[in-house]
Amino acid sequence: MTRRTTRSLALLGAGSMALAMPMISQAEGFLEDTKATLNLRNAYFNRNFTNPAYPSAANPQNKAEEWTQNFILDVKSGYTPGVVGFGVDVLGTFSQKLDG
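Counting along the sequence shown from 1, when you hit position 13 you're at 13 in the numbering used here, and nothing is skipped either side.
Structure, rendered in structure tokens:
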């Protein structure tokens, strides 16, 4: 390798470490940097069956209506300290039927 290539690689390595240092120092910890959000949503479905699947049935269904309350829990942990940081993401969903 030439002297110029060696110097370029050394500068590139030093620059990479200098950029990585602020990211390492800002990591607060696995539990300290945990964030959680809870979203609540309502959903209403209204279906009109113009051609019922079973026209020969005694009481063919011509419409269906549903109303639900949905809960979405999203938890994102911080990262473990060290060269390689590990984290955990959890997504939980639940839907409660209100009417229909």
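All residues carry an ideal CB built from backbone N, CA and C; glycine is no exception.
1) What span of residues does the beta strand (DSSP E) with V75 cover, start to end?
2) Closest by CA to F71, which one among L31, T6, E32, A36?
3) Which residue from G87, L98, N48 puts its Cα closest to that of K63?
4) Between T5, D33, T34, A43, which lies nearest to S95 when the distance is taken from Cα to Cα?
5) Going by DSSP, name the residue or residues bridged to D33.
6) Kindly identify the DSSP beta-bridge partner or partners of G116.
7) So, W67 versus L98, is the Cβ gap smaller than 8 angstroms?
Put simply:
1) Numbered from its first residue, the sequence shown carries residue 75 at position 75. Taken as a continuous stretch (DSSP letters only), the beta strand (DSSP E) holding V75 covers 63-76.
2) Numbered from its first residue, the sequence shown carries residue 71 at position 71. When each option's Cα is compared against that of F71, the closest is A36.
3) In the sequence shown, the residue the question calls residue 63 occupies position 63. Measuring from the Cα of K63, the nearest candidate turns out to be N48.
4) As a working note, residue 95 is residue 95 in the sequence shown. S95 has its Cα closest to that of A43, out of T5, D33, T34, A43.
5) For the purposes of this step, residue 33 is taken as residue 33 along the sequence shown, with counting starting at 1. BP columns for D33 are empty, so no partner.
6) The question about residue 116 has no answer, for the chain in this structure spans 1 to 100.
7) In the sequence shown, the residue the question calls residue 67 occupies position 67. In the sequence shown, the residue the question calls residue 98 occupies position 98. Here W67 is near L98, since their CB atoms are less than 8 angstroms apart.
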